[in-house]
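This note's numbering applies: residue 81 is where the sequence shown begins, and numbers increase by one. To start, the structure itself, in C-alpha coordinates.
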Amino acid sequence: MTDYTWVDDAPVVALPPDEVKGRAKRLMEIYKAWGGGGEGRVGNTDHIAGLIKKKGPQKGACFEYRLAGEPLALMTVDFQTPDYVEIIYLVSHPGTENAGGIMVEYLLNLIERLNDDHGFGLVPNMVKLESLNEDATAAYEALGFTVTKAGMYPDMQLDANASDKWERVGEKWRLKKYKLQRFLATA
(Lines of atoms letter the chains of each structure in order from A and count residues from 1; the text may use other names and numbers.)
(Lines give C-alpha, C1' and ligand atoms only; values in the text may rest on other atoms or scores of the structure.)
Protein backbone atom coordinates (compact mmCIF):
# COMPACT_ATOMS: atom_id res chain seq x y z
CA MET A 1 0.00 0.00 0.00
CA THR A 2 1.28 3.44 -0.92
CA ASP A 3 1.71 5.96 1.89
CA TYR A 4 0.62 9.54 1.19
CA THR A 5 1.29 12.86 2.87
CA TRP A 6 0.23 16.49 2.43
CA VAL A 7 2.81 18.94 1.10
CA ASP A 8 2.84 22.69 0.42
CA ASP A 9 4.39 22.45 -3.06
CA ALA A 10 3.03 20.29 -5.85
CA PRO A 11 5.02 17.13 -6.57
CA VAL A 12 6.45 18.31 -9.89
CA VAL A 13 9.73 16.85 -11.12
CA ALA A 14 12.07 17.56 -14.01
CA LEU A 15 12.26 14.58 -16.32
CA PRO A 16 15.54 13.42 -17.83
CA PRO A 17 15.26 13.76 -21.64
CA ASP A 18 15.42 9.98 -22.16
CA GLU A 19 12.31 9.46 -19.97
CA VAL A 20 10.01 12.04 -21.60
CA LYS A 21 8.58 9.87 -24.37
CA GLY A 22 7.92 6.97 -21.99
CA ARG A 23 6.15 9.24 -19.48
CA ALA A 24 3.98 10.72 -22.25
CA LYS A 25 3.12 7.18 -23.33
CA ARG A 26 2.20 6.34 -19.73
CA LEU A 27 -0.08 9.39 -19.45
CA MET A 28 -1.81 8.26 -22.66
CA GLU A 29 -2.29 4.74 -21.23
CA ILE A 30 -3.77 6.10 -18.00
CA TYR A 31 -6.03 8.42 -19.98
CA LYS A 32 -7.29 5.58 -22.21
CA ALA A 33 -7.90 3.30 -19.20
CA TRP A 34 -9.91 6.16 -17.65
CA GLY A 35 -12.14 6.15 -20.73
CA GLY A 36 -10.32 8.59 -23.01
CA GLY A 37 -11.91 10.11 -26.07
CA GLY A 38 -14.42 12.84 -26.56
CA GLU A 39 -14.05 16.47 -27.44
CA GLY A 40 -12.70 19.64 -25.85
CA ARG A 41 -10.16 19.27 -23.09
CA VAL A 42 -10.83 15.54 -22.83
CA GLY A 43 -10.14 14.91 -26.52
CA ASN A 44 -7.03 17.09 -26.53
CA THR A 45 -5.27 15.04 -23.86
CA ASP A 46 -4.39 12.16 -26.16
CA HIS A 47 -3.38 14.51 -28.98
CA ILE A 48 -1.00 16.68 -26.94
CA ALA A 49 0.47 13.75 -24.98
CA GLY A 50 1.03 12.12 -28.39
CA LEU A 51 2.93 15.19 -29.59
CA ILE A 52 5.16 15.06 -26.50
CA LYS A 53 5.69 11.32 -27.03
CA LYS A 54 6.63 11.87 -30.68
CA LYS A 55 8.80 14.98 -30.29
CA GLY A 56 10.20 14.66 -26.76
CA PRO A 57 11.51 17.73 -24.95
CA GLN A 58 13.14 19.08 -28.14
CA LYS A 59 15.66 21.75 -27.05
CA GLY A 60 14.12 22.59 -23.69
CA ALA A 61 13.00 20.68 -20.61
CA CYS A 62 10.03 18.60 -19.54
CA PHE A 63 8.31 18.57 -16.16
CA GLU A 64 5.84 16.09 -14.71
CA TYR A 65 3.22 16.54 -12.02
CA ARG A 66 2.84 13.10 -10.48
CA LEU A 67 1.11 11.15 -7.79
CA ALA A 68 2.17 7.66 -6.67
CA GLY A 69 4.67 7.60 -9.52
CA GLU A 70 2.04 8.23 -12.18
CA PRO A 71 1.86 11.32 -14.43
CA LEU A 72 -1.05 13.71 -13.90
CA ALA A 73 0.37 16.41 -16.21
CA LEU A 74 3.33 17.04 -18.50
CA MET A 75 4.78 20.36 -19.62
CA THR A 76 7.60 20.94 -22.09
CA VAL A 77 9.26 24.34 -22.03
CA ASP A 78 11.93 26.19 -23.97
CA PHE A 79 14.55 28.06 -21.95
CA GLN A 80 16.61 28.74 -25.08
CA THR A 81 14.44 31.65 -26.10
CA PRO A 82 16.07 34.97 -25.22
CA ASP A 83 14.71 36.61 -22.10
CA TYR A 84 11.58 34.57 -21.45
CA VAL A 85 10.33 31.02 -21.02
CA GLU A 86 7.90 29.52 -23.52
CA ILE A 87 5.58 26.61 -22.82
CA ILE A 88 5.72 24.34 -25.85
CA TYR A 89 3.18 21.73 -24.68
CA LEU A 90 1.08 21.43 -21.54
CA VAL A 91 -1.25 18.49 -21.05
CA SER A 92 -3.07 17.20 -18.01
CA HIS A 93 -5.26 14.20 -17.33
CA PRO A 94 -8.85 15.46 -17.67
CA GLY A 95 -9.77 13.75 -14.40
CA THR A 96 -7.50 16.07 -12.43
CA GLU A 97 -8.40 19.47 -11.04
CA ASN A 98 -6.16 22.51 -11.54
CA ALA A 99 -3.21 20.51 -12.94
CA GLY A 100 -2.55 23.11 -15.66
CA GLY A 101 -2.50 25.90 -13.09
CA ILE A 102 -0.19 23.84 -10.88
CA MET A 103 2.25 23.44 -13.76
CA VAL A 104 2.23 27.17 -14.62
CA GLU A 105 2.69 28.01 -10.92
CA TYR A 106 5.66 25.65 -10.77
CA LEU A 107 7.17 27.29 -13.86
CA LEU A 108 6.80 30.84 -12.51
CA ASN A 109 8.59 29.82 -9.32
CA LEU A 110 11.24 27.88 -11.26
CA ILE A 111 12.06 30.99 -13.31
CA GLU A 112 12.78 32.87 -10.09
CA ARG A 113 14.98 30.04 -8.75
CA LEU A 114 16.94 29.86 -12.00
CA ASN A 115 17.49 33.61 -11.97
CA ASP A 116 18.44 33.74 -8.28
CA ASP A 117 20.57 30.60 -8.12
CA HIS A 118 22.12 30.51 -11.58
CA GLY A 119 21.82 34.04 -12.99
CA PHE A 120 19.74 32.95 -15.99
CA GLY A 121 18.42 36.47 -16.70
CA LEU A 122 14.93 35.32 -17.65
CA VAL A 123 12.13 37.86 -17.40
CA PRO A 124 10.59 37.12 -14.00
CA ASN A 125 6.83 36.60 -13.71
CA MET A 126 6.54 36.05 -17.48
CA VAL A 127 5.54 32.97 -19.46
CA LYS A 128 4.61 32.80 -23.15
CA LEU A 129 2.99 30.15 -25.32
CA GLU A 130 1.13 29.46 -28.52
CA SER A 131 -2.38 28.14 -27.93
CA LEU A 132 -3.34 25.13 -30.04
CA ASN A 133 -7.12 25.63 -30.07
CA GLU A 134 -10.09 27.55 -28.63
CA ASP A 135 -10.47 25.25 -25.61
CA ALA A 136 -6.82 25.72 -24.70
CA THR A 137 -7.10 29.49 -25.18
CA ALA A 138 -10.04 29.63 -22.77
CA ALA A 139 -8.18 27.51 -20.22
CA TYR A 140 -5.10 29.73 -20.44
CA GLU A 141 -7.20 32.89 -20.13
CA ALA A 142 -8.67 31.42 -16.92
CA LEU A 143 -5.06 31.25 -15.65
CA GLY A 144 -4.41 34.92 -16.47
CA PHE A 145 -2.84 34.61 -19.93
CA THR A 146 -3.77 37.23 -22.51
CA VAL A 147 -3.72 36.98 -26.29
CA THR A 148 -0.83 39.01 -27.70
CA LYS A 149 -1.26 37.98 -31.33
CA ALA A 150 -4.55 36.64 -32.68
CA GLY A 151 -4.76 33.92 -35.29
CA MET A 152 -5.46 30.24 -35.74
CA TYR A 153 -2.86 29.53 -33.03
CA PRO A 154 -2.82 32.69 -30.93
CA ASP A 155 0.31 33.80 -29.10
CA MET A 156 -0.42 34.25 -25.40
CA GLN A 157 1.47 35.70 -22.46
CA LEU A 158 1.14 35.60 -18.70
CA ASP A 159 2.58 38.49 -16.73
CA ALA A 160 1.90 37.37 -13.17
CA ASN A 161 2.69 40.87 -11.83
CA ALA A 162 -0.08 42.38 -13.97
CA SER A 163 -2.63 39.59 -13.54
CA ASP A 164 -5.42 39.76 -10.98
CA LYS A 165 -5.38 35.95 -10.84
CA TRP A 166 -1.89 35.65 -9.31
CA GLU A 167 -0.29 36.84 -6.08
CA ARG A 168 2.82 36.36 -4.01
CA VAL A 169 2.38 34.17 -0.95
CA GLY A 170 5.61 34.41 0.98
CA GLU A 171 8.35 33.99 -1.61
CA LYS A 172 6.24 32.08 -4.13
CA TRP A 173 3.73 32.76 -6.87
CA ARG A 174 0.32 31.22 -6.29
CA LEU A 175 -2.95 31.30 -8.17
CA LYS A 176 -5.20 33.36 -5.91
CA LYS A 177 -8.08 30.91 -5.99
CA TYR A 178 -5.79 28.10 -4.81
CA LYS A 179 -3.25 30.03 -2.74
CA LEU A 180 -3.75 27.94 0.40
CA GLN A 181 -3.99 24.63 -1.43
CA ARG A 182 -1.95 21.69 -0.21
CA PHE A 183 -1.02 18.74 -2.35
CA LEU A 184 -1.22 15.03 -1.87
CA ALA A 185 2.14 13.39 -2.46
CA THR A 186 3.69 9.99 -2.05
CA ALA A 187 5.47 9.77 1.31
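Positions of the beta carbon are idealized from the N, C-alpha and C atoms, including for glycine.
Opening and closing residue of the beta strand (DSSP E) in which residue i lies
i       : result
Tyr-258 : Taken as a continuous stretch (DSSP letters only), Tyr-258 belongs to no beta strand (DSSP E), as it is neither H nor E.
Ala-113 : Note, Ala-113: premise wrong, no beta strand (DSSP E); alpha helix (DSSP H) at 100-114.
Glu-166 : 165-172
Ala-94  : 92-95
Residue i in three-state terms, based on DSSP
i       : result
Thr-217 : helix
Asp-151 : According to the sequence provided, residue 151 is Pro. The question's Asp does not apply to it. In the structure shown, Pro-151 sits in a strand (DSSP, three-state: E or B).
Glu-144 : strand
Thr-82  : coil
Thr-266 : strand
Asp-28  : The requested residue 28 is not part of the displayed model; the chain covers only 81 to 267.
Outcome for residue i when other beta-carbon atoms lying within 10 angstroms are tallied against a minimum of 16
i       : result
Leu-255 : buried
Glu-251 : exposed
Ala-141 : buried
Lys-208 : buried
Val-100 : buried
Gly-181 : buried
Tyr-84  : exposed
Arg-106 : buried
Trp-114 : exposed
Ala-148 : exposed
Ala-218 : exposed
Pro-97  : exposed
Thr-125 : buried
Met-155 : buried
Leu-95  : buried
Integer-rounded CB distance, given that residue j should sit under 8 Å from residue i
i       : j       : result
Ala-179 : Tyr-145 : 6 Å
Val-165 : Leu-202 : 6 Å
His-173 : Leu-187 : With 8 Å as the limit, His-173 and Leu-187 do not qualify as a contact, their Cβ atoms being about 18 Å apart.
Ser-211 : Gly-224 : Between Gly-224 and Ser-211 the Cβ distance is about 14 Å, and since that is not below 8 Å, they are no contact.
Val-87  : Arg-262 : 7 Å
Thr-226 : Thr-82  : About 40 Å separates the two Cβ atoms, so there is no contact after all.
Ile-128 : Val-157 : Contact doesn't hold; Cβ gap of about 14 Å is too wide.
Leu-238 : Val-184 : 7 Å
Continuous beta strand (DSSP E) assignments of at least 3 residues falling wholly in the region 190-253: The qualifying runs are 206-210, 226-229, 235-239 and 246-249.
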